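Here the structure comes first, spelled out in structure tokens, and everything after it is commentary.
Residue numbers (the numbering used here): 410 to 1061.
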């Protein structure tokens, strides 16, 4: 039963306070309810320890089997459905609690299952716990009109009416409901329920006050609300359906608009009513006044209705395009996603902050599994509330998108911007544990440490990635990254060279390693480093790389010697070796054209392990685009001097 002594700890903070203007705490409406939402599962365990009905020797026979399915793969939604159906059929309270609590950690937007959970608790006589289940559900999905209506019905059926405060408690919950979900375009049933309930309580002035709110909110049944409001006005006395303040003000306005009454005619005020509330003594005048007041009341609301109708018309096409406003794991159609994008863009340009936030929250129920909408929401809230942004990122990353890398990386960047380095570090580390092998995440961890001066940790992260690479190609990728850091950041050319040489020993067919080794050697004095540079070229040319790659390195060697070489004999020898490679390449091409065999290039590419995918961002590719020449140097040595300077300077 409901206890009136429980304090109202509701929090209706808007956008500027929290970034979530309707994730409101409900008042404690059940006897001795003192739990916070994050304590509820632990509290259930405590209740189980004291409830003799829960001390059963074991869980139902198939529970462990069904539970293991979803424990191993929480994304198996059908597995969850089977589990929840099973515990409901078995009518086993402890099993139900364990299953539903685990389910809502992953799918809190499934409002129908919150009601099922509460019904199970109620069926077992656990009214207090059922109330907490509803409150947890409304914290998770405050825009659910259905869940609010179910909760209010539950409270009305189970409230304590002995203290005379039951009406105020129900009214408080209705207020929480319309504050949370009342601006939803499809919230009409909630408003109608509130109006009908106040009508039942014969609080007609309250009914008018509710209409004054809903008539200014764009909703699906906006016209029906205005029609019902006019019926409300026509069927009741203004003294009853208007507030005292508005009634007196309206009466004074009407009196001023009419001619003064005949001289000597006196009104007899009633001492029992406040000034201005007494009835006119003349019945005919009283009827006329009532009709005039009704007309004026409707007239003043007509302007509000007309403006609201215009707002509805601007949104109607978008609302018509929403075919699935609820959450489901199935993918949305492209037209649905496009409609949400366009609707959000419209509201961002034309709507109030409150309406923008409500639309984002509606969108994220239907599109909870799509990163782009969470990211867009967080970006919008940056102008209003740091805590709001954090709330959106946390909700997305810990509940709905635990394995989506982009939003995690953005969350980590946000926390780093706020100076929360440990939080950023923890976010990235947690993502890498959940989804191992993502290069973009490991590199972001490295860059985080580098930005904050932890060069040893950055180096250790890259060395760990090299050691634990899934294949030679992945290890080579990280070796290049480590070598660049050692060279450019830590200024240790020797350590950088060793990293690349060790990588080449393990992956002799990777052109990127040789290219980066060349870049390293070019970073110094090329004349002093001539021997090291030539050794690098020779290492590449003697490797089992693709013929096309070896031709490229051979061409670069000739260019280097032409530009910087100190010995003509070495240059001539390099040119002759290059001509041999060109002939070999031409022979291979001719055989391929004649169909006698597959070209070396094609065959080797099909078998080349270096094509193994390494998940990385586009800008993480090795810097070798400048060396991707075609068949250059296809002329005699005597014509070589005619070439322009097409060998690019070494990258800086």
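All C-beta atoms, glycine included, are put in the ideal place defined by N, C-alpha and C. Every value quoted in this text rests on a predicted model; they were computed, and no experiment measured them.
For the pair residue 871 and residue 860, the Cα-to-Cα distance works out to about 15 Å. Within the same chain, 629 come within 6 Å of residue 595 by CB-CB distance, once the 5 residues on both sides are set aside.
One thing to note: residue 916 has its Cβ no nearer than 7 Å to the Cβ of residue 949. Nearest in C-alpha terms to residue 894, of all of 920, 862, 938, 532, is 862.
Per DSSP, reduced to three states, the secondary structure at residue 916 is coil, with no helix or strand assignment.
Under the DSSP assignment, residue 504 falls in the alpha helix (DSSP H) whose first and last residues are 502-513. Remark: C-beta atoms of residue 777 and residue 520 do not approach each other more closely than 7 Å. Taking 7 Å as the cut-off, the beta carbon of residue 473 is found no closer than this to the beta carbon of residue 479. DSSP places residue 551 in the coil class of the three-state scheme, outside both helix and strand. By the Cβ criterion, the stretch 531-545 is not in contact with the stretch 574-587, since fewer than three pairs of Cβ atoms, one from each stretch, lie closer than 8 Å. The C-beta of residue 793 has 16 or more other C-beta atoms within 10 Å across all chains shown, which makes the residue buried. Proximity to residue 556 across 524, 583, 532, 512 peaks at 524, based on C-alpha coordinates. DSSP places residue 973 within a helical segment (H, G or I) once states are collapsed to three. Secondary structure note for residue 838: its alpha helix (DSSP H) is the uninterrupted segment 830-843. Bounds of any alpha helix (DSSP H) do not take in residue 467, whose DSSP letter is neither H nor E. Taking residue 699 as the centre and dropping the five residues before and after it, the same chain places the C-beta of 646, 647 closer than 8 Å to its C-beta, in chain order. Fully enclosed beta strand (DSSP E) runs of no fewer than 3 residues are not present anywhere in the stretch 756-836.
Spatial neighbours of residue 959 in its own chain (CB-CB distance under 8 Å, excluding positions within 5 residues in sequence) are listed in chain order as 949, 950, 952, 990.
For residue 849, the enclosing alpha helix (DSSP H) starts and ends at 848-860.
Apart from sequence neighbours up to five positions away, the residues of its chain that approach residue 531 with a beta-carbon distance below 7 Å are 539, ordered along the chain.
Your pair residue 529 and residue 497 checks out as a contact, with CB atoms roughly 7 Å apart and the cut at 8 Å. Here the alpha carbon of residue 962 sits roughly 16 Å from the alpha carbon of residue 981. For the pair of segments examined, the stretch 884-901 was found to touch the stretch 921-933: the number of CB pairs separated by less than 8 Å reaches three.
In the three-state DSSP reduction, residue 485 falls in the coil class, being neither helix nor strand.
Within 10 angstroms of the beta-carbon of residue 551 lie 16 or more other beta-carbons, which makes it buried.
The three-state secondary structure of residue 730, taken from DSSP, is coil. Distance from the CA of residue 884 to the CA of residue 911, rounded to the nearest whole angstrom, comes to 11 Å.
Going by DSSP, residue 882 is part of the alpha helix (DSSP H) stretching over 881-893. Rounded to whole angstroms, the separation of the alpha carbons of residue 752 and residue 724 is 8 Å.
The three-state secondary structure of residue 620, taken from DSSP, is helix. For residue 742, no alpha helix (DSSP H) segment is defined, and its DSSP state is neither H nor E. DSSP places residue 959 in the helix class (H, G or I) of the three-state scheme.
With 16 or more other Cβ atoms from the protein chains shown falling within 10 Å of its own Cβ, residue 771 counts as buried. The Cβ-Cβ distance between residue 956 and residue 986 does not fall below 7 Å. For a cut-off of 8 Å, the C-beta gap from residue 850 to residue 814 is around 6 Å, short enough to register as a contact.
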